[in-house]
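Residue numbers (our numbering), protein chains in the order written: chain A, 165 to 456; chain B, 165 to 456.
What follows is one structure encoded as structure tokens, with my remarks underneath.
2 protein chains.
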Amino acid sequence: MKTHLECIPCFLRQVLEALDMSTNDEDIREKTLREVMSYFLREKWNKNTPELGTNVHRIVKRITGNSDPYEKLKEKYNRLALNLYPKLKQIVKSSECPLLTAAKIAISGNAIDFGPRTVIDIEKELQNVLQQGLAISDIDQLEDSSLRTKKILYLADNAGETFLDRILIEELVKREVKVTYVVKDAAILNDATFQDAEISGIAQVARVISTGTDCMGILFNECSDEFLKEFKMSELVISKGQGNYESLNDTLNKEIFFLLKIKCPLIAENIGYNVGSLVLKRCFNKCVPTGT
Amino acid sequence: MKTHLECIPCFLRQVLEALDMSTNDEDIREKTLREVMSYFLREKWNKNTPELGTNVHRIVKRITGNSDPYEKLKEKYNRLALNLYPKLKQIVKSSECPLLTAAKIAISGNAIDFGPRTVIDIEKELQNVLQQGLAISDIDQLEDSSLRTKKILYLADNAGETFLDRILIEELVKREVKVTYVVKDAAILNDATFQDAEISGIAQVARVISTGTDCMGILFNECSDEFLKEFKMSELVISKGQGNYESLNDTLNKEIFFLLKIKCPLIAENIGYNVGSLVLKRCFNKCVPTGT
Chain A
165 MKTHLECIPC
175 FLRQVLEALD
185 MSTNDEDIRE
195 KTLREVMSYF
205 LREKWNKNTP
215 ELGTNVHRIV
225 KRITGNSDPY
235 EKLKEKYNRL
245 ALNLYPKLKQ
255 IVKSSECPLL
265 TAAKIAISGN
275 AIDFGPRTVI
285 DIEKELQNVL
295 QQGLAISDID
305 QLEDSSLRTK
315 KILYLADNAG
325 ETFLDRILIE
335 ELVKREVKVT
345 YVVKDAAILN
355 DATFQDAEIS
365 GIAQVARVIS
375 TGTDCMGILF
385 NECSDEFLKE
395 FKMSELVISK
405 GQGNYESLND
415 TLNKEIFFLL
425 KIKCPLIAEN
435 IGYNVGSLVL
445 KRCFNKCVPT
455 GT
Chain B
165 MKTHLECIPC
175 FLRQVLEALD
185 MSTNDEDIRE
195 KTLREVMSYF
205 LREKWNKNTP
215 ELGTNVHRIV
225 KRITGNSDPY
235 EKLKEKYNRL
245 ALNLYPKLKQ
255 IVKSSECPLL
265 TAAKIAISGN
275 AIDFGPRTVI
285 DIEKELQNVL
295 QQGLAISDID
305 QLEDSSLRTK
315 KILYLADNAG
325 ETFLDRILIE
335 ELVKREVKVT
345 YVVKDAAILN
355 DATFQDAEIS
365 GIAQVARVIS
375 TGTDCMGILF
385 NECSDEFLKE
395 FKMSELVISK
405 GQGNYESLND
415 TLNKEIFFLL
425 KIKCPLIAEN
435 IGYNVGSLVL
445 KRCFNKCVPT
455 GT
């Protein structure tokens, strides 16, 4: 997705949020915000949002000298999700449609996103999701495709959410589907890294790799060869969260299931559902050859 | 009040709001936002918010070529308030404490502010205010002081709100208090101008002057000599809204009653009440001579 003008104040707000977690030094705070604004003035705004966002958060990390501003929040949400895990496993076990329930749980985990919001009540979010339906639910296609391909490339989003991803992955593994779970190579926002995958025990049920970079979403020109190869070879992708959606929604010739909570009005407009909606949406944009 | 870092993204959001009402031309929209950001980078941020805000909105007006982006919204709210006026007069008439009721109505009119928010349901706001109490209610002091001075300088805030100010002014006039009503000399945000004072019939109950400028709030270094003289001579000031509060909250040796709805977290912190609170607050900061 291309950056809209509305993204600019939202990015600056996100910078202040990251600064709140990084430093009390008013000079450094102001310097960082100025540096980000200066970056926006040098930059063209017709790029996609994860590209601008990545650079914005790199500026925050560089000027504050804090390579992981969201570290404490990630730890907190990992603890929360660890405690929820047994209860959620039980809910899936006693469910009539365990794959759908597990998918709903994985999507509800996407409420853990410190990008657009900071205050989250994960338990409440989970209860709501399990009660309410999904705005888009392509679960049957997900089941069919995963049984056919037997392999899924699963793009993670946030720390904490990884525990809830594990629940969906365990349901897929029961169906003899092999999962490759993709985290970020270094900290960006509250995105999951190898450490978060480790803490949530993902490595016991999936192969874990990284994008090879600290980008928001997926920026192909920065990703490692290993990831690019995996992505190219994969027939079926699960993509969690808005950052990955913004990166991949226009991807051609790849079957992608987007699992996310809509938190941004521009993404809401793009998908055609309101902010707050929970989505399990299949996209398979085919490249149509044109005549010459 | 000094500008905080949090004000910067809020100003940019306000720019987009003004742009939505000014132009659909994406190039002009982006140029305006860039120009505002460039201004912020050149500017020191230790100034007060109305000063920066004034310059921000002047940039919007200059680049869009629209000298009054909020014109249509002001017209709409003038119509709304005109229709409400007879009903509100009746409420005051049948009230046990007409001055307090009129003051509450004038404060509730402060919900009409397109700066921080665009979607307002003025009738709902009015009902809430009349039912709920004020977070701070220095109404007795206002009554005492106005009966003593018999003269009030009344600093207006928004268009539409002027009709509700009129209701309070009419109660003051009944007590033989003379009111000078101060509007802006030219359009800035949705602030009331001579035209709005005219439409709401204020001129029938008060003398109307302007600040002599199109500033947000009150910027003394830009105001006309006429206004400065009035302000200097006045013993008692009623100040409506956040913009005037941000300009005048530290004023020395002047009895000022601030009537406003708190809409901004930083002002909430400054006043000590939550966002959404309605306030009738007396300030009289005395200058204490220090020894040499």
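The beta-carbon is built from N, C-alpha and C at its ideal position, and this holds for glycine as well.
Within chain D, partners of residue i - CB distance below 8 Å
i	result
S202/B	Given the protein chain composition of this structure (A and B), no chain D is represented.
Under 7 Å by beta carbon: chain A residues contacting residue i
i	result
R198/B	L205
E170/B	L180
R339/B	Ordered by position in chain A, no residue passes the 7 Å Cβ test against R339/B, which lies about 46 Å from the chain.
Exposed unless 16 or more other CB atoms sit within 10 angstroms - verdict on residue i
i	result
N212/B	buried
G324/A	buried
M397/B	exposed
P429/A	exposed
R281/A	Residue placement at R281/A is poorly supported in this model, since its pLDDT is 44, which falls under 50; the coordinates are not used for a value here.
P233/B	buried
G279/A	Because G279/A carries a pLDDT of 46, less than 50, the predicted location of this residue cannot be relied on, and the following value inherits that uncertainty. Buried, since its Cβ has 16 or more Cβ neighbours within 10 Å.
G217/A	buried
G407/A	buried
N210/B	exposed
S364/B	buried
Q254/B	exposed
R193/A	buried
K166/A	exposed
V283/A	The pLDDT assigned to V283/A is 43, lower than 50, so where the model puts this residue is not dependable; a value taken from the coordinates is nonetheless given after this. With fewer than 16 other Cβ atoms within 10 Å, it is exposed.
R243/A	exposed
N438/B	exposed
G440/A	exposed
S258/A	exposed
V179/A	buried
Y381/A	Residue 381/A is actually Gly in this sequence, not Tyr. Its Cβ being crowded by 16 or more others within 10 Å, G381/A is buried.
A367/A	exposed
E335/B	buried
D349/A	buried
V452/A	exposed
K445/A	buried
Option in the options with minimal Cα separation from residue i
i	options	result
E215/A	C428/A, K418/A, N434/A and L412/A	L412/A
Y345/B	I300/B, L319/B and S403/B	L319/B
E340/B	D308/B, A323/B and N322/B	D308/B
L457/B	E194/B, R226/B and L252/B	Given that chain B is displayed from residue 165 to residue 456, the structure contains no residue 457/B and the question cannot be resolved.
F450/B	I420/B, I426/B and G436/B	For the record, residue 450/B in the displayed sequence is Lys; it is not Phe. Ranking the options by Cα distance to K450/B, first place goes to I420/B.
D355/B	R371/B, V343/B and E239/B	E239/B
L328/B	S310/B, A275/B, T313/B and N292/B	A275/B
L442/A	S272/A, I373/A and A367/A	S272/A
D189/A	E207/A, S374/A, N230/A and F422/A	N230/A
L183/B	V224/B, P173/B and F204/B	V224/B
L311/B	N247/B, D349/B and L263/B	L263/B
M169/A	K195/B, M185/B and C171/B	For clarity, residue 169/A is Leu in the given sequence; the question names Met instead. Of K195/B, M185/B and C171/B, the residue nearest in Cα terms is K195/B.
K418/B	R198/B, L317/B and K427/B	L317/B
E260/A	Y249/A, K288/A and L294/A	L294/A
V131/B	E207/B, Q359/B, R371/B and L416/B	The requested residue 131/B is not part of the displayed model; chain B covers only 165 to 456.
E287/A	L306/A, S374/A, L423/A and Y249/A	Y249/A
K314/A	K342/A, Q305/A, L306/A and K393/A	K342/A
Within chain A, the residues that residue i reaches when beta carbons sit closer than 9 Å
i	result
E194/B	L169 and W209
The ligand PLP heavy atom lying under 6 Å from the CB of residue i
i	result
L424/A	The ligand PLP is not part of the structure shown, which contains no ligands of any sort.
Under 7 Å from the C-beta of residue i: neighbouring residues of chain B
i	result
P429/A	Ordered by position in chain B, no residue passes the 7 Å Cβ test against P429/A, which lies about 12 Å from the chain.
L176/A	I172, P173 and L176
Can you list, in chain order, the residues of the region 207-232 of chain B whose Cβ is nearer than 7 Å to any Cβ on chain A?
W209
Within 8 Å of chain A by C-beta, residues of the region 350-361 of chain B in sequence order:
none
Tell me whether the region 295-310 of chain A and the region 264-272 of chain A touch, counting them as touching only if at least three CB pairs, one residue from each stretch, are closer than 8 Å.
yes
So, do the region 391-405 of chain A and the region 230-244 of chain A have three or more beta carbon pairs nearer to each other than 8 Å?
no
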